[in-house]
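Student:
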Amino acid sequence: IILIEGDIFHTHSEISPSALIGAISYISVIEGISVIHTYDTQQTAQMLETMARHSQQGLGYEVALRSQKPKDFSTLSQFIVEGFPSIGPKTAQNLLKKFKSVARVFSATEKELCEVPGIGKKTASRIHEILHFRYDR
Numbered sequence: 243i244i245l246i247e248g249d250i251f252h253t254h255s256e257i258s259p260s261a262l263i264g265a266i267s268y269i270s271v272i273e274g275i276s277v278i279h280t281y282d283t284q285q286t287a288q289m290l291e292t293m294a295r296h297s298q299q300g301l302g303y304e305v306a307l308r309s310q311k312p313k314d315f316s317t318l319s320q321f322i323v324e325g326f327p328s329i330g331p332k333t334a335q336n337l338l339k340k341f342k343s344v345a346r347v348f349s350a351t352e353k354e355l356c357e358v359p360g361i362g363k364k365t366a367s368r369i370h371e372i373l374h375f376r377y378d379r
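Plus 242 on top of the position in the sequence shown (first one is 1) and you've got the numbering used here.
Listed below in structure tokens is the structure:
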């Protein structure tokens, strides 16, 4: 994590604002490092305290893995099937077109799943493994 405090764009520096933006973008997007900007020392202290608390205790409540569920059954069915790893919108639609319902997708054998465009042996095996995993928490 890189924490930047204060206004870095309006200081007496020989580095241009576009170079700063480029550097921050590179660090964040290419290097995968979080860049956080705070206004002053008070906000920096608050940010560090909050980050430490979240790191040690979590948020204190469950976070939904996905956004609000759709209202109509067709979209809801696709939403459910897309919840599997490696299943995007097109593959979910292909599965539902072939099997006609979420229940039939979930009941399909690995061999039947492999017959669907976009589903290979590895993905079919993973879906089957997830569907038959015994939850123990």
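Glycine is no exception: its CB is placed at the ideal position from the N, C-alpha and C atoms. Note that the structure is predicted; figures quoted are calculated from it, not measured.
Evaluate contact between the segment 332-341 and the segment 284-296, counting only Cβ atoms and requiring at least three cross-stretch pairs below 8 Å.
Tutor: No, the segment 332-341 does not touch the segment 284-296.
Student: Tell me which residue opens and which closes the beta strand (DSSP E) that valine 347 is part of.
Tutor: The residue labelled residue 347 in the question sits at position 105 within the sequence shown. No beta strand (DSSP E) contains valine 347, which is instead part of the alpha helix (DSSP H) from 344-349.
Student: How big is the Cα-Cα spacing for glutamate 200 and glycine 302?
Tutor: Absent from the model: residue 200. The displayed extent of the chain is 243 to 379, so no value can be given.
Student: So, valine 323 versus valine 358, is the Cβ gap smaller than 8 Å?
Tutor: Within the sequence shown, residue 323 is the residue found at index 81, counting from 1. Within the sequence shown, residue 358 is the residue found at index 116, counting from 1. Against a cut-off of 8 Å, the Cβ pair of valine 358 and valine 323 comes out as no contact.
Student: From serine 316 to glutamate 273, what does the alpha carbon distance come to, in whole angstroms?
Tutor: On the sequence shown, position 74 is the one that residue 316 refers to. On the sequence shown, position 31 is the one that residue 273 refers to. Rounded to the nearest angstrom, the two C-alpha atoms are 39 Å apart.
Student: What do you reckon, are the CB atoms on threonine 280 and leucine 245 nearer than 8 Å?
Tutor: Walking along the sequence shown from the start, residue 280 turns up at place 38. Walking along the sequence shown from the start, residue 245 turns up at place 3. Against a cut-off of 8 Å, the Cβ pair of leucine 245 and threonine 280 comes out as a contact.
Student: In whole angstroms, what is the alpha-carbon distance linking isoleucine 263 and histidine 254?
Tutor: Here residue 263 corresponds to residue number 21 of the sequence shown, with the count starting at 1. Here residue 254 corresponds to residue number 12 of the sequence shown, with the count starting at 1. C-alpha separation (whole angstroms): 16 Å.
Student: Please return the same chain residues whose Cβ sits closer than 6 Å to the Cβ of serine 328, not counting the five positions on each side in sequence.
Tutor: Numbered from its first residue, the sequence shown carries residue 328 at position 86. Here the set comprises Thr365.
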